Every structure is written in structure tokens, then in C-alpha cells.
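**Student:** Sharing a structure, written as C-alpha cells. Questions coming.
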Amino acid sequence: MMYVVALHLTGEASSYEPLNAALQKIGDWSNRLPNAWLIQSNRSARELRDALKAHIGANDRIFVAQISRNWAATNMGPGFSEWIGRRNFEAAGTSPALPAVLTPLSFSSPQVVNLGGKKAKPSTKPPRG
1114 MMYVVALHLT GEASSYEPLN AALQKIGDWS NRLPNAWLIQ SNRSARELRD
1164 ALKAHIGAND RIFVAQISRN WAATNMGPGF SEWIGRRNFE AAGTSPALPA
1214 VLTPLSFSSP QVVNLGGKKA KPSTKPPRG
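Numbering-wise (my numbering), the sequence shown opens with residue 1114 and increments by one.
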């Protein structure tokens, strides 16, 4: 699975060397944006967060989220497209050919649809997967 790990760090850069080492040990990674890492791992977002939070200060922040193949980027530097193209975005043991399954949670709130200048109203149709 692929994750984005976003960091808000308030201390001196040198104090985060253990955090950087921990991030690099998780799995294949790319750090082409300040304070944001792309990491491939079979662990959950919660497990990643828990492994990293021991290396941050009380005023620092960590956000970990799984990402899908639906991404876009520009000016990420040489080799980035090839690197990310080789990553596994699927959960261990799943097939990318399987369709997404809508759960009851998917329908928990109505979508607002813009009707081309008319007043928007909630949609009764389920979201497209």
C-alpha cells in the first residue's frame, strides 16, 4: 500500500535525524517535498503513525493517509514517474482488477450536486466508485 506522511515539525532540523531514519526504514520511500514523504508499506496508517510518533516533539504533528493510483504531480524531478509507477498501491492480498465495494458508510450523507446555476440539492444517487 502507498501512504503519504505529512509532517509539521517545530524543532531544530538536527533533532529529527531519528525520525528521518525511522521513515526510511518503513519501506520504499520518496521525499521530494518538504515535510511530506511517500512510503510503500504493508502496515496500516495507524501502525505507521505509532512507529513515528516516538520521534517527534509535543508540538509536532504527523498525518498518515493511504493513497490510491489516482494521483497527479508536476516538477517532481527525474525518475519520479518511473519510481511511483513501480509502487504497489493495493492492500496485501488484493487484486487491482476487483471493483471497489460500496459499504453503508459510503451512503451516510447525501452528495450535493451542482445543477448548472440552479440551486444545488442533495442527490439520492449513490456515489460512483
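No residue lacks a Cβ here, since even glycine has one placed at the ideal position from N, Cα and C. Being a predicted model, the structure only gives us computed values, none of them experimental.
Please report the distance separating the alpha-carbon of F1193 from that of A1164.
**Tutor:** So the alpha carbons of these two residues sit roughly 26 Å apart.
**Student:** Please list, in chain order, all residues of the same chain as F1176 whose beta carbon is under 6 Å from its beta carbon, the five residues on each side excluded.
**Tutor:** Once the five neighbours on either side are set aside, the close Cβ partners of F1176 are A1119.
**Student:** Let me check understanding here. Comparing Cα to Cα, which of W1196, W1184, N1155 lies closest to K1087?
**Tutor:** For the chain, the structure presents residues 1114 to 1242; residue 1087 sits outside this window and is missing.
**Student:** Could you work out which residue in E1130, G1198, A1178, R1174 is closest to A1185 when comparing CA atoms only?
**Tutor:** Of the candidates E1130, G1198, A1178, R1174, the one whose C-alpha sits nearest the C-alpha of A1185 is G1198.
**Student:** Does DSSP classify N1144 as helix, strand or coil?
**Tutor:** In the structure shown, N1144 sits in a strand (DSSP, three-state: E or B).
**Student:** By DSSP, does L1151 sit in helix, in strand, or in coil?
**Tutor:** L1151 falls in the strand class under three-state DSSP.
**Student:** With burial defined as no fewer than 16 other Cβ atoms inside 10 Å of the residue's Cβ, what is the status of L1132: buried or exposed?
**Tutor:** By the 10 Å Cβ count, L1132 comes out buried.
**Student:** CB Q1153 to CB R1200, shorter than 7 Å?
**Tutor:** Yes, these two residues count as a Cβ contact at 7 Å.
**Student:** Out of S1157, D1173, I1169, which has the shortest C-alpha to C-alpha gap to V1117?
**Tutor:** It is S1157 whose Cα lies nearest to the Cα of V1117.
**Student:** Under the three-state reduction of DSSP, which class applies to I1169: helix, strand or coil?
**Tutor:** Of the three classes helix, strand and coil, the one that applies to I1169 here is coil, per DSSP.
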